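Note sheet for the following structure.
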Amino acid sequence: MDSKKYKQALNLFNEQSAIATNSTIVIAIKACTQLHDYKTGFDIQQKLSSKALNDPYIQTSLIHFYNKLFIYQTR
Numbered sequence: 030m031d032s033k034k035y036k037q038a039l040n041l042f043n044e045q046s047a048i049a050t051n052s053t054i055v056i057a058i059k060a061c062t063q064l065h066d067y068k069t070g071f072d073i074q075q076k077l078s079s080k081a082l083n084d085p086y087i088q089t090s091l092i093h094f095y096n097k098l099f100i101y102q103t104r
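Here our numbering is used: the first residue of the sequence shown is 30, the next is one more, and so on.
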């Protein structure tokens with residue numbers, strides 16, 4: 030996916046965040062990771078319920094997100 034598609038996905042997520050599913054949360058976190066939009070990624074994580082944080086796909090997406098953040102900051 031190119032950056033334009035990630036931006037579109039993130040915009041759609043922001044418009045529909047009140048009805049977000051675990052799958053759309055994973056896609057939004059992936060978009061944040063690919064766009065290096067760490068502020069939005071942090072904001073998404075802060076809004077997640079404990080139930081959502083226990084989802085293994087969301088956990089994996091967050092691990093990848095923070096791994097990329099660490100790599101990006103050490104450059």
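Yeah, the Cβ is synthetic: ideal placement off N, Cα and C, and Gly gets one too. Values in this document were obtained by computation on a predicted structure and should not be read as measured data.
Endpoints, alpha helix (DSSP H) assigned at residue i
i	result
Gln74	67-76
Ala81	79-82
Ser32	32-44
Thr53	51-64
Thr89	85-102
Residues near residue i by beta carbon distance below 8 Å, same chain, minus five either side
i	result
Leu64	Ser32, Tyr35, Lys36, Leu39
Ala60	Tyr35, Lys36, Ala38, Leu39, Phe42, Asp66
Same chain only: Cβ atoms within 6 Å of residue i, ignoring 5 sequence neighbours per side
i	result
Tyr67	Leu98
Asp84	Asn51
Nearest to residue i (by Cα), restricted to the options the options
i	options	result
Gln74	Ile58, Ala47, Ser52, Thr53	Ile58
Ser90	Ile56, Gln45, Ile48, Glu44	Ile56
Neighbourhood of residue i by C-beta, 7 Å cutoff - its chain only, sequence neighbours within 5 removed
i	result
Tyr101	His65
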